[in-house]
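Novice:
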Amino acid sequence: MTTLREPVIKANPQQRLDLVLACVAAVAAAVGVILFFLLTGSRAVDDDELQHLHFAWCLTQGLAPYRDFWDNHPPLLHQLLSFLISRQGEHSGVLLSGRLLCAGLALPGVAGTYLLGRACAGRGAGAAAAAWLACSEIYLLKVVEVRPDGILLTCITFSAWLILSAMRGASSSSDEGPWGTNSKQGRCGSARWWVAAGLILGIGATATTKALIPLAAILAAVSVGFRASERRSGVSRGGVAWFAAAFCTPVGVWLVGEALRGDAGAAWRMTVMENVAYPQRFNPWSLIHATFPYPLLAAAGVGTWAAFRRRGNGAGRSQALRAAAIGAGVSAAAIAAMPAAYLQSVLVALPFFCVLAGAGVASLVEW
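Residue numbers in the sequence shown follow my numbering, run continuously in steps of one, and reach 370 at the last position.
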């Protein structure tokens, strides 16, 4: 009697490489996450943390920002911290609670970086990108502090991932977009993804005005990185309109609230104009040297080469990786143009560089 055997499905070499790379990256990311939580309770107190906690305390006393006290940040983080202070009271434990809050909101950025890297260059590259971020010194040291930059980093990664997913879905071979709209008629095939991406980044903008940097980077990446075909360009134009409208919604709600109190002018002056006109200057190369390790820059260079080695209408992932490279370049240029940038300022560009570095590692492993 003949027995039937189930066919053995063998993984192709690319799947094996992705699996090995993902396992190594998972171990590295796990080490980074462990260090992440250890540093949350042991990191020395930064002056900015006390400033943010003081602003939050002012809110609990009924004081209005931009009118009753100076504040050069949008209110999201301080509103969250004021809730903690009102619940816990005024004691030193609020610092640890604030750190846990900020760290908890920054940690999903590792998952967002994985998703972004996977959309650009595959699972192995996504895992490597997440490992680069989780083990990055500047990430570990700054997102465990009471500051809004970790919140923005998480918003950047998920917003960029949603946009890349929308672009790839709209440029697929099928006529119907992933949300059932016809992209051939010039309408965005994934409008809800664009709206979600804009809302997420807009929420980040209510935490820090540094969100203007990834906003410019994402718009440049979409405009240049996905301009290859007329159909895709029409989709991106419709998507950018949805994205911009959604981005302006949380920011508009905040500014309208300030306007109703008569403080919109002061809020704009303190959060935007004073930051732009800050008199202190710095050497951007010293900041890059202090924050970006050379192995990360080298791997990102390989990833950039992999992004641009195919000219013209490349595959979807090739164009997505080019978009990430453009986003990294625009973000780095914006940081270099800032009148005063500190270590945490590079967090707006770090996810893009980690994605390129992950793609570079994957390219070297494949080669």
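C-beta: ideal position from N, C-alpha, C; glycine also.
#1: How many angstroms separate the CA atom of Ala-106 from the CA atom of Pro-151?
#2: Identify which residue in Ala-194, Asp-266, Thr-252 and Met-276 has its Cα closest to the Cα of Trp-245.
#3: Counting C-beta neighbours from all protein chains within 10 Å, is the total for Phe-72 16 or more, i.e. buried, or is it exposed?
#4: Would the segment 349 to 362 and the segment 125 to 145 be scored as touching if the rule is three or more Cβ pairs under 8 Å?
#5: Can you tell which of Val-149, Glu-369 and Leu-300 has its C-alpha closest to the C-alpha of Phe-355?
#6: DSSP three-state call for Pro-354: helix, strand or coil?
#7: Which one of Thr-307, Ala-340, Gly-268 and Leu-367 has the shortest CA to CA distance from Pro-68?
#8: Tell me whether Trp-257 counts as near the ligand GDP, meaning its Cβ is closer than 7 Å to at least one heavy atom of that ligand.
#9: If you count every other CB in all the chains shown that lies within 10 Å of the CB of His-57, and 16 or more means buried, which is it?
#10: Taking Leu-290 and Ala-343 to be in contact with their CB atoms under 8 Å, please state how far apart those CB atoms are, rounded to whole angstroms.
#11: Just checking, does the segment 320 to 335 make contact with the segment 89 to 104 on the three C-beta pairs under 8 Å criterion?
#12: Does the Cβ of Arg-372 have 16 or more other Cβ atoms within 10 Å, making it buried, or fewer, making it exposed?
#13: Please state whether the Cβ-Cβ distance between Ala-169 and Trp-135 is less than 8 Å.
#14: Please say whether Leu-202 and Thr-274 have beta carbons closer to each other than 8 Å?
#15: Does the separation of the CB atoms of Val-2 and Leu-42 fall below 8 Å?
#16: Quick check: the Cα distance between Ile-216 and Gly-96, rounded to an integer number of angstroms?
#17: Using a Cβ-Cβ cut-off of 6 Å (strictly less than) and excluding sequence neighbours within five positions of Ala-199, which residues of its own chain qualify?
#18: Quick one: what's got a C-beta closer than 6 Å to Gly-35's C-beta in the same chain, skipping five residues either side?
#19: Let me confirm a value: Trp-288 is counted as buried when at least 16 other C-beta atoms fall within 10 Å, else exposed. Which label applies?
#20: Nearest to Val-149 by alpha carbon, out of Val-254, Thr-211 and Thr-160?
#21: Mapping the DSSP letters down to three states, classify Pro-68 as helix, strand or coil.
#22: Rounded to the nearest angstrom, what separates Ala-247 and Ala-208 at their Cα positions?
#23: With distance defined between alpha-carbon atoms, name the residue in Leu-119, Tyr-297 and Ala-336 nearest to Ala-132.
#24: Within this structure, are the beta carbons of Leu-3 and Ser-85 separated by less than 8 Å?
#25: Ala-220: buried (16+ other C-beta within 10 angstroms of its C-beta) or exposed?
#26: Alpha carbon to alpha carbon, how far is Val-225 from Phe-312? Give it in angstroms, no decimals.
#27: Among Leu-258, Gly-306, Ser-348 and Ala-323, which residue has its Cα nearest to the Cα of Val-227?
#28: Which term fits Ser-366, buried or exposed, when burial requires 16 or more other beta carbons within 10 angstroms of its beta carbon?
#29: Please classify Tyr-444: does DSSP put it in a helix, a strand, or coil?
#30: Buried or exposed: Ser-321, going by 16 or more other Cβ atoms within 10 Å of its Cβ?
#31: So the candidates are Thr-160, Glu-140 and Leu-79; which of them puts its Cα closest to the Cα of Gly-260?
#32: Can you tell me where the alpha helix (DSSP H) with His-76 in it begins and where it stops?
#33: Whole angstroms is fine: what's the gap from Ala-339's alpha carbon to Cys-357's?
#34: Return helix, strand or coil for Cys-138, following the three-state DSSP convention.
#35: Output yes or no for whether 8 Å exceeds the beta carbon distance between Tyr-142 and Leu-353.
Specialist: With the structure as the only source:
#1: Straight-line Cα distance between these residues: approximately 10 Å.
#2: Of the candidates Ala-194, Asp-266, Thr-252 and Met-276, the one whose C-alpha sits nearest the C-alpha of Trp-245 is Ala-194.
#3: Taking every protein chain shown into account, the CB of Phe-72 has fewer than 16 other CB atoms within 10 angstroms, so this residue is exposed.
#4: Here the segment 349 to 362 makes contact with the segment 125 to 145; the two share three or more CB pairs at distances below 8 Å.
#5: For Phe-355, the nearest C-alpha among the options comes from Leu-300.
#6: Helix at Pro-354.
#7: When each option's Cα is compared against that of Pro-68, the closest is Gly-268.
#8: Questions concerning the ligand GDP fall outside what the structure shown contains, since it holds no ligand whatsoever.
#9: The residue is exposed, with fewer than 16 neighbouring Cβ atoms inside 10 Å.
#10: Not quite, the Cβ-Cβ distance comes to about 11 Å (not below 8 Å), so this is no contact.
#11: The segment 320 to 335 makes no contact with the segment 89 to 104, as fewer than three CB pairs between them are under 8 Å.
#12: Summary: the structure shown does not reach residue 372, with the chain confined to residues 4 through 370, and so no result is reported for it.
#13: Result no, Cβ atoms of Ala-169 and Trp-135 do not sit closer than 8 Å.
#14: For Thr-274 and Leu-202, no; Cβs fall outside 8 Å.
#15: Outside the displayed range of the chain (4 to 370) lies residue 2, so it cannot be described from this structure.
#16: Just so you know, the alpha carbons of Ile-216 and Gly-96 end up roughly 34 Å apart.
#17: Excluding residues within five positions, the ones whose Cβ falls inside 6 Å are Leu-165.
#18: Once the five neighbours on either side are set aside, the close Cβ partners of Gly-35 are Ala-137 and Cys-138.
#19: Exposed, because fewer than 16 other Cβ atoms sit within 10 Å of the Cβ of Trp-288.
#20: Selected option, being the one with the closest Cα: Thr-211.
#21: Assigned with DSSP and collapsed to three states, Pro-68 falls in strand.
#22: Roughly 12 Å separates the two Cα atoms.
#23: Among Leu-119, Tyr-297 and Ala-336, the Cα nearest to that of Ala-132 belongs to Leu-119.
#24: Because residue 3 is not part of the residues shown, which for the chain are 4 to 370, the question remains open.
#25: Taking a 10 Å sphere around the C-beta of Ala-220, we find 16 or more other C-beta atoms and assign the residue as buried.
#26: Reading off the sequence, residue 312 comes out as Arg, not Phe. Each residue's Cα considered, the two are about 19 Å apart.
#27: When Leu-258, Gly-306, Ser-348 and Ala-323 are compared, the shortest CA-CA separation from Val-227 is found for Ala-323.
#28: With 16 or more other Cβ atoms from the protein chains shown falling within 10 Å of its own Cβ, Ser-366 counts as buried.
#29: Any answer about residue 444 is impossible in this case: the structure gives the chain only from 4 up to 370.
#30: By the 10 Å Cβ count, Ser-321 comes out buried.
#31: It is Leu-79 whose Cα lies nearest to the Cα of Gly-260.
#32: Going by DSSP, His-76 is part of no alpha helix (DSSP H) at all; its letter is neither H nor E.
#33: C-alpha separation (whole angstroms): 19 Å.
#34: Cys-138 falls in the coil class under three-state DSSP.
#35: In contact: Tyr-142 and Leu-353 (Cβ atoms closer than 8 Å).
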